Amino acid sequence: MKLNIDNRSPVYLQLIEYFKEQIASGKLAMGEEIPSRRELARTLNINPNTVQRAYREMEEMGLIYTDGNMPSKVTRDETVIKKVREELVQDALEHFVSTIKTLQIPLEDVYPLLEKTYREKNGDKADGGEAK
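The numbering used here numbers the first residue of the sequence shown as 937 and each following residue consecutively.
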């Protein structure tokens, strides 16, 4: 598990964000077992109560579930996963648009840059063409 904890926001929120990204991207599959609270706290060298809070909130969100004394697992509810994916995209878009507006870059100038960057990040160096 790779999680770079910073001081910008509470650790439990960073844990939740990490799990959201892992679940939305499919890196954590539906029904997959996640580390125990103690194991994760030990691995990340953080307070077990912090992990407990993150897990409790993720259970309330429907991201994970725990049956009795069994290990916690990623939800099998595709609707929840779709909602998380949409929230992450919306957050990224809001940040992106806010930055573009601050820089006063016209939207028509953004499209080619967005497409070029997207292609580069996906390993597709092909130029031109309309975004699909």
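Ideal Cβ positions, reconstructed from N, Cα and C, are used throughout, including at glycine.
These figures come from a predicted structure and were not determined experimentally.
On the criterion of 16 or more Cβ atoms from any shown chain inside 10 Å, does G1065 qualify as buried, or is it exposed? For the purposes of this step, residue 1065 is identified with residue 129 of the sequence shown, where counting begins at 1. Residue confidence is low: G1065 scores 46 on pLDDT, short of 50, so the model does not pin down where it sits. Its coordinate-derived value is still stated next. By the 16-neighbour rule on beta-carbons within 10 angstroms, G1065 is exposed.
Is the separation between the beta-carbon of A960 and that of R1021 shorter than 7 angstroms? Numbered from 1 along the sequence shown, position 24 holds the residue referred to as residue 960. Numbered from 1 along the sequence shown, position 85 holds the residue referred to as residue 1021. Going by C-beta atoms, A960 is nearer than 7 angstroms to R1021.
Inter-residue CB distance, D987 and L976 (contact presumed, cutoff 8 angstroms): Sequence index remark: in the sequence shown, residue 987 carries index 51 (1-based). Sequence index remark: in the sequence shown, residue 976 carries index 40 (1-based). Per the sequence shown, the amino acid found at residue 987 is Val instead of Asp. The Cβ separation is near 5 angstroms, so the contact holds.
Taking the alpha-carbon of A1028 as reference, which of E968, E995 and E957 has the nearest alpha-carbon? Translated into the one-based positions of the sequence shown, residue 1028 becomes position 92. It is E957 whose Cα lies nearest to the Cα of A1028.
What's the C-alpha gap between T1156 and E969? Outside the shown range of the chain (937 to 1068) lies residue 1156, about which nothing can therefore be said.
At the 7 angstroms Cβ level, is R974 part of the contact set with chain C, yes or no? No chain C is present in this structure, which holds just one protein chain.
If you reduce the DSSP assignment to three classes, tell me which class K938 lands in. Position 2 of the sequence shown, counted from the first residue, corresponds to residue 938. Correct three-state label for K938: coil.
My output table needs one value for K1009: the three-state DSSP class, helix, strand or coil. Here residue 1009 corresponds to residue number 73 of the sequence shown, with the count starting at 1. K1009: strand per DSSP, three-state reduction.
With DSSP collapsed to three states, give me the class of E1056. Indexing the sequence shown from 1 puts residue 1056 at position 120. In the displayed model, E1056 falls within a helix according to three-state DSSP.
Let me know the secondary structure DSSP gives E968 once reduced to three states. Translated into positions along the sequence shown, residue 968 becomes position 32. Coil.
For N983, which residues from the same chain have a beta carbon less than 7 angstroms from its beta carbon, with the 5 sequence-adjacent residues on both sides left out? What you label residue 983 is simply residue 47 of the sequence shown in a count that begins at 1. Answer for N983: A977, listed in chain order.
Closest to E1014 by CA distance: which of E996, G962, V947 and I941 is it? For the purposes of this step, residue 1014 is taken as residue 78 along the sequence shown, with counting starting at 1. Cα-wise, what sits closest to E1014 is G962.
I think I952 touches E996, with their Cβ atoms under 8 angstroms apart; what is that distance to the nearest whole Å? Residue mapping note: residue 952 aligns to position 16 of the sequence shown, counting from 1. Residue mapping note: residue 996 aligns to position 60 of the sequence shown, counting from 1. Not really, about 10 angstroms apart at Cβ, beyond 8 angstroms.
Around the Cβ of Y991, are there at least 16 other Cβ atoms within 10 angstroms (buried) or fewer (exposed)? Residue mapping note: residue 991 aligns to position 55 of the sequence shown, counting from 1. Buried.
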